[in-house]
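Written out below as structure tokens is the structure these notes cover.
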Amino acid sequence: MKRFTLAIVFASLLLAGCKDESIDFGGGGNGETEIGYLSLSALEVDVANYAEEITSGTGAGGAQSSRAAGATSDAPGDYKVKIRSVKSGEESVYTYADLKLAGNQKLPLAPGAYVVSAESPDHADYMAGTSCADWERPVYFGSVTKNVIKRTETQVNDLVCTLANIKTTVTLTQDLQELFMSDAEAEAAGKEKLTVTLSVGDNRLVFDRAAADAGKAGYFKAVEASNTVKVVLSGQYNKAAADEAPEYVAVNWTKEITGCKAGQWRKVSIGVLNADEGNVQFQVTVENWVYDQKVEVDVTQLYAFGEETIPDDDVSDADSPVVTLDGYDIANGYDINGSMYDDALGKWNENLKAVFTPAEGASLYSVEMVFGSDNAAFLEALDAAGIRDRTVTLWPENEELAAYAVVRAAETGVVTVAVKDAGMSALYGFEGTHTVKFVAADDRGRTSYTVLAIRVRAGGAVAEGPSVVWTDKAGTKHYDFGTRYNHNAVEIVIDVTTQSAFTGFTVDIVSESVLPPSELTGVGLTDHLDLINPGQYKAQLEGFGFPTGAAVTGSKRVSFDITGFMDLLSLLNREGNCDFRLTVTDASGTVTKTIQLYVVK
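Number 582 marks the last residue of the sequence shown (this note's numbering); no jumps.
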């Protein structure tokens, strides 16, 4: 694409005039009658300082929308104004100050469509650059399309430049800050301070107390038309009652804000509700887009709180039926993957089982399942099956479910529902995260609402390779391999299972800033480690908690705790990404999972 400066454009016209007093477009006609003009005498380039603010809350007022009136300002003279031919792609580049000169306000152009755009001076470099997350770096852009008609002046009037990236700010309410260890105490104890990390993809900004209190703004490049901003609240939470000695536990609370677009200001406010009632609700309010979701957190379980499904506004009654999973914490969801299926036997080795327990003296009256999913095909299948409102009756026993589940009622009143192989295969046919909201009522009119997230890692045919799961030491919290965590805020217990035997198990350490190969050599390791054939690294690997040799090949299940390895990372006093890529192979195939850490000083 050619670019012409103002001087070159006028020089070209001058030379053409010296050669021939008219511009000939062919046909022997008068050139002056075959061109049009773009009139810029009334052009005003403004920068929009307003943002549409849709404040979503839980009060009676509901959502309210407002926009600051007349909040624009005249663009500085160094703003770039571009005029591009839609047909040829040729583009002329000016400064706004150039176009304010009297001699530059009527441009002769060939008839056709032209895009007239204005942008902040660094907009082009920003959009072409690799930096996608910056502090206090707004860029602005605006454009209009005009049709130039021969022998006619086409006016360009107001041109408004709006924010071209995503602005974010974080507010931490005072009551929330008081529930976390102070920065001074955290620093003295070597603990993680209270922070909120916002990220779009791999690009992140960390807001500490000072940044939040000062209203510091972070800007993300809108790499897609619609983006997801991930919110991670980290710190040392005091789970003790107000009249008890503080008892701090590490918290990594994660939520996502979807639908974020260029031109929006996402005002993220995090506070708490009901702290005085012993049951904390972390409340996130995001202005400028309707988003407000409450997460009820039992303070006794806060340390195990991860990325469980956000409950909706349904509030369970006291002493209503309790819904649990057999062998799992329902708050952590349930994973279905290919290693759970035995090809030789043609059946599932593990089947999901839900347990419904009414309060003492009561009996289960009804249970309904309300389905949701991030996979449109799954929802379409429900609709095609004639399931109205995507709601299915589970109890009293529904004969239509007999092919997919076994329902049993014990004399104690407890009801169990085990998903049959046909049901497991039906779920496995749709990749994604499916939600089941159990609405359980007892014979005394008390109702509970419990949401289960079912994560299917691959759709269609049964997936290949072993199963790899990352939990904390207690096994109550599951970590997501797709999420990057602070190294001192997680425990790393890896559980790997196979239906045959392990034939390969390697660990690659990927870190240029924290654990480069030169640093690993100093502690007797390398960046590529083979657990089955460890060679000279056997002793060092076992010292850090990794199994080796026959401990891997001689078992169908390997579990190891490498939380102690985090101490080494802390001692290095370096900051940056540090990944551990696990590649595990058995007779059915290979699976790769990556532990993604961010090492903090």
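Beta carbons: idealized from backbone N, C-alpha and C, even for Gly.
Hey, quick one: how far does the alpha helix (DSSP H) through T502 stretch, first residue to last?
Stepping through the sequence shown from its first residue, residue 502 is reached at position 521. Run containing T502: P498 to G503, per the alpha helix (DSSP H) assignment.
Do three or more CB pairs link the region 394 to 408 to the region 452 to 466 at distances below 8 Å?
no
Which same chain residues end up closer than 8 Å to V495 when comparing Cβ atoms and leaving out the 5 residues on each side of it in sequence?
Locating residue 495 in the sequence shown gives position 514, where the first residue counts as 1. Once the five neighbours on either side are set aside, the close Cβ partners of V495 are L550, L553, R555, E556, G557, N558, C559 and V580.
Does DSSP classify S124 as helix, strand or coil?
Here the question's residue 124 lines up with position 143 in the sequence shown. S124 falls in the strand class under three-state DSSP.
Can you say whether S215 is buried or exposed, counting buried as having 16 or more other CB atoms within 10 angstroms of its CB?
Residue mapping note: residue 215 aligns to position 234 of the sequence shown, counting from 1. Residue burial annotation: S215 is buried, with at least 16 other C-beta atoms found within 10 angstroms of its C-beta.
Taking 7 Å as the limit between beta carbons, can you name the residues of its chain near T534, skipping five residues before and five after?
If you number the sequence shown from 1, residue 534 lands on position 553. The answer, listed in chain order, is A482, F483 and I513.
Out of A203, L306 and I368, which has the shortest C-alpha to C-alpha gap to T111?
Mapped onto the sequence shown, residue 111 falls at position 130. Selected option, being the one with the closest Cα: A203.
Determine the direct distance from the alpha carbon of G171 to that of K519, and round the result to whole angstroms.
Residue numbering aside, residue 519 sits at position 538 when the sequence shown is read from its first letter. Residue numbering aside, residue 171 sits at position 190 when the sequence shown is read from its first letter. Whole-angstrom Cα-Cα distance: 31 Å.
For T544, which of G342, T239 and L578 has the nearest alpha-carbon?
By one-based count along the sequence shown, residue 544 stands at place 563. Nearest of G342, T239 and L578 to T544, Cα basis: L578.
Reducing DSSP to helix, strand and coil, say where F424 ends up.
To locate residue 424, count along the sequence shown from 1; it is residue 443. The question names Phe, but residue 424 in the sequence shown is Asp. Of the three classes helix, strand and coil, the one that applies to D424 here is coil, per DSSP.
Give a yes or no on whether the C-beta atoms belonging to A99 and G123 are separated by under 8 Å.
Here residue 99 refers to the residue found at position 118 when the sequence shown is read from its first residue. Here residue 123 refers to the residue found at position 142 when the sequence shown is read from its first residue. The answer is yes: Cβ separation under 8 Å.
Can you grab the Cα-Cα spacing for the pair P528 / F546, in whole Å?
Position 547 of the sequence shown holds residue 528. Position 565 of the sequence shown holds residue 546. So the two alpha carbons sit approximately 14 Å from each other.
Between T414 and S354, which are expected to be in contact by the criterion C-beta below 8 Å, what is the C-beta distance as a whole number of angstroms?
Numbered from its first residue, the sequence shown carries residue 414 at position 433. Numbered from its first residue, the sequence shown carries residue 354 at position 373. So it is a contact: roughly 7 Å between Cβ atoms.
Am I right that V249 and T150 are in contact with their C-beta atoms under 8 Å? What's the rounded C-beta distance?
The residue you call residue 249 lines up with position 268 of the sequence shown. The residue you call residue 150 lines up with position 169 of the sequence shown. Rounded, the Cβ-Cβ distance is 7 Å, consistent with contact.
With which residues is M350 paired in a DSSP beta bridge?
On the sequence shown, residue 350 is found 369 positions in, with the first residue counted as 1. The partner list for M350 (beta bridge, DSSP) reads V373 and F419.
Does Q136 come out as helix, strand or coil in the three-state DSSP assignment?
As a working mapping, residue 136 is identified with position 155 in the sequence shown. Three-state DSSP puts Q136 in a strand.
I'd like to check one pair, V141 with L19: are the Cβ atoms closer than 8 Å?
Sequence index remark: in the sequence shown, residue 19 carries index 38 (1-based). Sequence index remark: in the sequence shown, residue 141 carries index 160 (1-based). Not in contact: L19 and V141 (Cβ atoms no closer than 8 Å).
For the alpha helix (DSSP H) that A203 lies in, which residues bound it at each end?
Sequence index remark: in the sequence shown, residue 203 carries index 222 (1-based). Unbroken run through A203: none, as it is neither H nor E.
Looking at the unbroken beta strand (DSSP E) that takes in R612, where does it start and where does it end?
A question about residue 612 goes unanswered here, because the residues of the chain that appear run from -18 up to 582.
If we count the other Cβ atoms within 10 Å of its Cβ and call it buried at 16 or more, is P447 buried or exposed?
Here residue 447 refers to the residue found at position 466 when the sequence shown is read from its first residue. Burial call: buried.
Would you identify the three-state DSSP class for A94, choosing helix, strand or coil?
For the purposes of this step, residue 94 is taken as residue 113 along the sequence shown, with counting starting at 1. Note: A94 maps to strand in three-state DSSP.
Give, in chain order, every unbroken run of the alpha helix (DSSP H) that is at least 4 residues long and sits entirely within the region 494 to 557.
498 to 503, 519 to 524, 531 to 534 and 546 to 552
If I follow the unbroken alpha helix (DSSP H) through G463, where does it start and stop?
Stepping through the sequence shown from its first residue, residue 463 is reached at position 482. That residue, G463, is in no alpha helix (DSSP H); it is neither H nor E in DSSP.
Kindly indicate the opening and closing residues of the alpha helix (DSSP H) around Y616.
Outside the displayed span of the chain (-18 to 582) sits residue 616, for which this structure offers no information.
Please state if the CB of T152 and the CB of A193 are separated by a distance shorter than 8 Å.
Position 212 of the sequence shown, counting from 1, holds the residue named residue 193. Position 171 of the sequence shown, counting from 1, holds the residue named residue 152. In this structure, T152 lies closer than 8 Å to A193 by Cβ.
Would the region 458 to 476 and the region 364 to 384 be scored as touching if the rule is three or more Cβ pairs under 8 Å?
no
Output needed for D164: all residues of its chain with C-beta closer than 8 Å, excluding positions within five of it in sequence on either side, in chain order.
The residue labelled residue 164 in the question sits at position 183 within the sequence shown. In its chain, beyond the 5 residues on either side, K174, L175, D189 and R190 have a beta carbon closer than 8 Å to the beta carbon of D164.
Take G17 as the anchor and find which of K68, A23 and A91 has the nearest alpha-carbon.
For the purposes of this step, residue 17 is taken as residue 36 along the sequence shown, with counting starting at 1. Checking every option, the nearest Cα to that of G17 belongs to A91.
Could you pull the start and end residues of the alpha helix (DSSP H) that Y77 belongs to?
For the purposes of this step, residue 77 is identified with residue 96 of the sequence shown, where counting begins at 1. Note, Y77: alpha helix (DSSP H), Y77 to L80.
Whole angstroms are fine: how far does the CA of A384 sit from the CA of G404?
For this step, residue 404 is matched to residue 423 along the sequence shown. For this step, residue 384 is matched to residue 403 along the sequence shown. Their Cα atoms are separated by approximately 8 Å.
Check whether the region 334 to 343 touches the region 295 to 307, taking contact to mean three or more Cβ pairs, one atom from each stretch, closer than 8 Å.
Yes: at least three Cβ pairs fall under 8 Å.
Please identify the residue among G410, V417 and A56 whose C-alpha is closest to the C-alpha of M350.
Your numbering for residue 350 matches position 369 in the sequence shown. For the residues G410, V417 and A56, the minimum Cα distance to M350 belongs to V417.
Along the beta strand (DSSP E) that carries Q158, what are the first and last residues, could you check?
For this step, residue 158 is matched to residue 177 along the sequence shown. Here Q158 belongs to no beta strand (DSSP E); instead the alpha helix (DSSP H) covers Q155 to E159.
Only counting the same chain, and skipping five residues up and downstream in sequence, which positions put a Cβ closer than 6 Å to that of A470?
In the sequence shown, the residue the question calls residue 470 occupies position 489. Excluding sequence neighbours, A470 sits near E173, S215, A231 and N233.
Here's the rule: buried if 16 or more other CB atoms are within 10 angstroms of the residue's CB, otherwise exposed. What is D567?
By one-based count along the sequence shown, residue 567 stands at place 586. That one is buried.
Tell me where the alpha helix (DSSP H) around Y602 begins and ends.
The question about residue 602 has no answer, for the chain in this structure spans -18 to 582.
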